[in-house]
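The numbering of the sequence shown is my numbering, which starts it at 481 and goes up by one.
Some notes on the structure that comes next.
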Amino acid sequence: MADRLRLMAVHAHPDDESSKGAATMAKYVAEGADVLVVSCTGGERGDVLNPNLKDDVHILRDLPRVRREEMKRAQEILGVQHTWLGFVDSGLPEGDPLPPLPEGCFALEPLDVTTEALVREIRRYRPHVMTTYDENGGYPHPDHVMTHTVSMAAFLAAGDESAYPHAGAPWQPLKLYYNQGFSKEKIVAFHEALIALGEESPYADWLERWEDRPPRDITTRVHCADYFDVRDQALLAHATQIDPDGTWFQVPRELQASVWPTEEYEAALSYVPIEPDEDDLFAGIRDAAAGDELATRGGLEVVHDQRKASIL
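Next up, the structure:
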């Protein structure tokens with residue numbers, strides 16, 4: 481592992497890794513990098529979202545086990561490594577007022593407990609770059625928001641020898657990015673491309689209901705269209721979580737590749753300069769040896785800080 485660049489992608493549930501940055505991960509694996517997906521929870525409180533499987537007794541009997549099996553298949557398709565952080569899905573509360581979160585769930589765990597668990601993985605795996613969700617979680621699921629909080633805390637603590645001294649030797653990841661996969665600009669591009677072809681667009685209703693928020697500061701666009709097929713295969717491996725006839729698959733891959741061939745990221749924290757118009761998450765890190773030297777040098781200073789307060 482020492483001679484490979486290493487990426488760690490931190491996600492809330494199994495299936496998140498296949499819908500957020502999957503083509504990027506497959507690209508890096510193909511190019512010889514190591515990629516580790518960390519699933520903070522097992523998705524135990526998720527629902528069966530594929531209408532074709534709603535009444536499958538095998539799934540209803542033990543959904544957590546099925547989701548673990550799905551994750552294993554997706555991992556093999558993407559070619560990544562994978563680990564479970566070991567916390568329990570919080571579920572997505574619904575109602576007005578919202579009900580309390582279940583006792584013992586990930587979102588209610590003490591931050592020191594969750595942070596130490598991720599610090600252990602960082603120090604074990606020694607990533608040069610991490611990806612996670614922005615301050616709003618990408619969307620307001622309590623586990624996604626908690627994943628952001630834990631990722632930020634662990635990123636800053638992993639290189640501090642005084643923090644969690646029993647969790648391994650200090651290792652400072654050099655860059656942390658937010659996944660930014662669903663911009664309004666991207667949805668408009670797909671919608672207009674379908675209309676131009678005389679096709680029905682599944683995004684018309686989305687755009688009518690779109691709540692305008694300030695645009696994100698995209699710093700990095702990774703060209704990965706050659707791996708959209710791998711991404712889709714990995715997502716379909718999570719059969720309980722995706723409708724194969726749903727919106728996700730209604731834009732032909734060839735059209736996606738021509739209209740929007742990249743996956744987008746927002747550099748949040750970095751100890752190396754962020755280059756203008758980056759197309760590589762490892763930009764600024766010459767190679768694994770140089771990255772290793774920086775990550776263990778100590779005394780590094782943040783040179784790029786794009787953290788924001790949550791607007792939720």
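A virtual CB, placed ideally from N, CA and C, is assigned to each residue, including glycine.
- Per DSSP, the beta-bridge partners of L516 are M488 and Q561.
- Contiguous alpha helix (DSSP H) elements confined to the region 502-554 occur at 502-510 and 537-541, taking only those with 4 or more residues.
- Note that the region 630-642 does not touch the region 522-534; fewer than 3 beta-carbon pairs, one per stretch, sit closer than 8 Å.
- The Cβ atoms of Y707 and K507 lie closer than 8 Å to each other.
- By a beta-carbon distance limit of 8 Å, H538 does not contact T521. Their separation comes to about 22 Å.
- Within its own chain, the residues whose Cβ lies closer than 7 Å to the Cβ of E746, once the five positions on either side in sequence are excluded, are D614, Y657, Y658, Q660, R696, D697, I698, T699 and Q786, listed in chain order.
- Per DSSP, T611 is one residue of the beta strand (DSSP E) stretching across V609 to T612.
- Counting C-beta pairs with one atom in each stretch, the region 591-607 and the region 482-492 have three or more that are closer than 8 Å, which means they touch.
- Per DSSP, reduced to three states, the secondary structure at G678 is coil, with no helix or strand assignment.
- Distances from the alpha-carbon of A748 to those of R545, E691, F635 and A554 put F635 closest.
- Exposed is the label assigned to K552, since fewer than 16 other Cβ atoms lie within 10 Å of its Cβ.
- Uninterrupted alpha helix (DSSP H) stretches at least 4 residues long and entirely within the region 699-733 occur at 708-717, given in chain order.
- Listed in chain order, the alpha helix (DSSP H) elements of length 4 or more contained wholly in the region 738-777 are 768-775.
- The bridge partners DSSP lists for F567 are T521.
- Taking the C-beta atoms as reference points, F729 is found no nearer than 8 Å to D709.
- In the three-state reduction of the DSSP assignment, K788 falls in the coil class, being assigned neither a helical nor a strand state.
- Of the other Cβ atoms in all chains shown, 16 or more fall within 10 Å of the Cβ of P653; this residue is therefore buried.
- At the C-beta level, E755 and A763 come within 8 Å of one another.
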